[in-house]
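Residue numbers (the working numbering), protein chains in the order written: chain W, 370 to 443; chain S, 589 to 1204.
Cβ atoms here follow ideal geometry from the backbone N, Cα and C, with glycine treated the same way.
This report refers to the structure that appears directly beneath it.
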């Protein structure tokens, strides 16, 4: 299946801003994060279709997955 | 501190703290060892100072009855990473109830002053009354304990925060400093004066890299008292680092809590500046007085864009491995680092940049630097100016002050300078007073008289119950944005249980970045207290002390005349929902807020009983 991945903040460095990717069906957000070699502890928020989701949620075909760094402080 | 017990929660009176009370009018000083009343007293910071403030009936911030309390926390000046905090407490000239009474407030800052202060042997310094002429206080270590002296400070008047510190440095070797700027000197017309704290980096480089205790106008209170600066002169007294604290410090850096704040080259997020990127994903970066437009304008101040024209250096507080400072310098034609411009943190950058319609990093840096040099709280300054700009946009035929509008750097700069020099009281006295004067209060972005930080109130009804800074005394600012929580239950739990724990850091002497998500009721803090102070405290005891201290702050707000109706958000949030923010609007709907308020008070109210002493 195809998904669109949007990266934000430091996750874009050396990667991309937005990319369409072919992934196996049933893939989770965590698997995409790992595939992109983003340390999971640095992931603050995951959105699927613009809605907050869990990192272990499965991605539907055509999903837009946004991966955001941690927000907070100062 | 003198510890006659290892169990301060059970035997607080067996812990004594060293206090000096200075009568600024007469110069008389009283030194005493004071037994603690409870664990909050032992921990220090606002946990202790608010109990002292609660013993007084203060009806005006600028009055003889209002003390300025300077203290530290139990871990200030220890080997615990980030243990550098100094606290300034008093009744605020800025924050106050509609009844006209000032609210109790504390403000915290890092820098090296706090550690030096603690190393003199003093735990608390209370300034009573008002000096007839400008003075500064010197705190030293004497043969019989700490010594405090008052010295004439006429030669410091009119200098910036940085210049005052550098002038004092010439006289006091091995010392660190706390100083107000011109804003605090103009306390009658500027209520948002901050206290600047010197840093090692500043004294070494000569660059104006102070840290600030900004919120609530404690610098203005200092100015009213004619107290221009503090000097703590003593040799460094760090013990060898124990294995236990070494482990904690490594955990602070590598355990995950501070990851997002560390430099990008170390795999971190690059400080709080990175919030721009996260919030922009929801179009929730404040722009033009907290009205996000659903466009890309905030991206102009993204780090990746600023880096194209400026050099950014990651630096740290003294002995802190988090390294969260992003100091922006000019970039010379050959690509090398030029002059230091300003430190870019999320709040000042947004509130003196994007939220004023300014999207040029150089202009934002210039305003941040000016605000710092005059010694003003960047949050209150930025938000009050954005109110002026918003009024002027709505009333083109009847503009306020110099007629500044969003994006007009020259005129906005004039307003900053005018406020700093005490010539523009409409800005210097904050957004609550200005909006009451104009009659248009709905878009004045303050809660209970204290301006909001750079998180949209539409995303954070928890602001209403913050007892000091909107985000630093109630950590609900990410509950919707980061955690995606939009149900009532999560918000009630957040406000009444988990997110109030953030205030614990403002008791114990640690920066919030030590472990911002968890607070101080953790094994890491327990280990530090055991190692550095020889105290046995449980995580539960720490958490209970933090809760009592928070609730005492809430009780004090009610005693200072706040009605429950004042625990609310700026009216524009309810009246004109902003459809550009891509987050569920439900948490800022009137119905949700009303029910949240009912549920929150149902939890808090029974616990407030008996927390404050009865006043005559």
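Under 7 Å by beta carbon: chain S residues contacting residue i
{"i": "residue 379/W", "result": "852, 857, 858, 862"}
Range of the contiguous beta strand (DSSP E) that encloses residue i
{"i": "residue 1081/S", "result": "Looking at the DSSP string, residue 1081/S is not in any beta strand (DSSP E); the run it does join, the alpha helix (DSSP H), is 1076-1081."}
{"i": "residue 967/S", "result": "No beta strand (DSSP E) contains residue 967/S, which is instead part of the alpha helix (DSSP H) from 966-982."}
{"i": "residue 899/S", "result": "898-903"}
{"i": "residue 932/S", "result": "No beta strand (DSSP E) contains residue 932/S, which DSSP labels as neither H nor E."}
{"i": "residue 412/W", "result": "412-417"}
{"i": "residue 435/W", "result": "433-438"}
{"i": "residue 766/S", "result": "763-767"}
{"i": "residue 609/S", "result": "603-611"}
{"i": "residue 713/S", "result": "712-716"}
{"i": "residue 623/S", "result": "617-623"}
Beta-ladder partner(s) of residue i, from DSSP
{"i": "residue 677/S", "result": "657/S, 694/S"}
{"i": "residue 730/S", "result": "733/S"}
{"i": "residue 951/S", "result": "BP columns for residue 951/S are empty, so no partner."}
{"i": "residue 372/W", "result": "390/W"}
{"i": "residue 956/S", "result": "Paired residues: none, contrary to the question."}
{"i": "residue 799/S", "result": "785/S"}
{"i": "residue 914/S", "result": "902/S"}
{"i": "residue 821/S", "result": "728/S, 763/S"}
{"i": "residue 723/S", "result": "740/S, 815/S"}
{"i": "residue 919/S", "result": "925/S"}
{"i": "residue 590/S", "result": "604/S"}
{"i": "residue 422/W", "result": "415/W"}
Proximal chain W residues relative to residue i, where beta-carbon distance stays under 7 Å
{"i": "residue 1069/S", "result": "440"}
For residue j and residue i, believed in contact at Cβ under 8 Å, the rounded distance
{"i": "residue 1036/S", "j": "residue 691/S", "result": "7 Å"}
{"i": "residue 1070/S", "j": "residue 378/W", "result": "About 13 Å separates the two Cβ atoms, so there is no contact after all."}
{"i": "residue 439/W", "j": "residue 380/W", "result": "The pair is not a contact, with the Cβ atoms about 11 Å apart (cut-off 8 Å)."}
{"i": "residue 880/S", "j": "residue 872/S", "result": "6 Å"}
{"i": "residue 968/S", "j": "residue 682/S", "result": "6 Å"}
{"i": "residue 565/S", "j": "residue 769/S", "result": "Past the edges of chain S, shown from 589 to 1204, lies residue 565/S, and the structure says nothing about it."}
{"i": "residue 607/S", "j": "residue 714/S", "result": "7 Å"}
{"i": "residue 798/S", "j": "residue 753/S", "result": "7 Å"}
{"i": "residue 832/S", "j": "residue 1132/S", "result": "Not confirmed; about 23 Å, so no contact."}
{"i": "residue 1127/S", "j": "residue 1151/S", "result": "36 Å between Cβ atoms; not a contact."}
{"i": "residue 389/W", "j": "residue 406/W", "result": "Not confirmed; about 19 Å, so no contact."}
{"i": "residue 956/S", "j": "residue 937/S", "result": "7 Å"}
{"i": "residue 901/S", "j": "residue 883/S", "result": "With a Cβ gap of about 31 Å, residue 901/S and residue 883/S do not count as contacting."}
Proximal chain W residues relative to residue i, where beta-carbon distance stays under 9 Å
{"i": "residue 1170/S", "result": "419"}
Residue interval of the alpha helix (DSSP H) (run including residue i)
{"i": "residue 1121/S", "result": "1111-1121"}
{"i": "residue 754/S", "result": "749-759"}
{"i": "residue 892/S", "result": "891-894"}
{"i": "residue 789/S", "result": "788-793"}
{"i": "residue 637/S", "result": "633-641"}
{"i": "residue 1205/S", "result": "The question about residue 1205/S has no answer, for chain S in this structure spans 589 to 1204."}
{"i": "residue 810/S", "result": "806-812"}
{"i": "residue 1026/S", "result": "1018-1026"}
{"i": "residue 997/S", "result": "997-1008"}
{"i": "residue 1131/S", "result": "1127-1147"}
{"i": "residue 399/W", "result": "398-404"}
{"i": "residue 829/S", "result": "Premise fails: residue 829/S is in no alpha helix (DSSP H) and is neither H nor E."}
{"i": "residue 865/S", "result": "863-868"}
{"i": "residue 1185/S", "result": "1178-1196"}
Within chain W, the residues that residue i reaches when beta carbons sit closer than 8 Å
{"i": "residue 866/S", "result": "377, 378, 413, 414, 437, 438, 439, 440"}
{"i": "residue 1081/S", "result": "The premise fails here: residue 1081/S is roughly 17 Å from chain W at the closest Cβ pair, so nothing lies under 8 Å."}
Neighbouring residues, chain S, relative to residue i (Cβ below 9 Å)
{"i": "residue 382/W", "result": "852, 892"}
Residue i beta carbon near the ligand FAD (any heavy atom closer than 7 Å)
{"i": "residue 996/S", "result": "This structure lacks the ligand FAD, and indeed carries no ligand of any kind."}
>> So if I threshold CB-CB distances at 8 Å, which residues from the region 403-415 of chain W count as touching chain S?
In response: 408, 410, 411, 413, 414
>> Tell me which residues of the region 869-881 of chain S have at least one Cβ-Cβ distance to chain W shorter than 7 Å, keeping chain order.
In response: 869
> For the region 832-850 of chain S, which residues have a beta carbon sitting closer than 8 Å to at least one beta carbon of chain W?
Replying inline: 844, 847, 848, 849
>> At a CB distance below 9 Å, what residues from the region 1045-1074 of chain S approach chain W? Give them in sequence order.
In response: 1059, 1060, 1063, 1065, 1066, 1068, 1069, 1070, 1071, 1072, 1073, 1074
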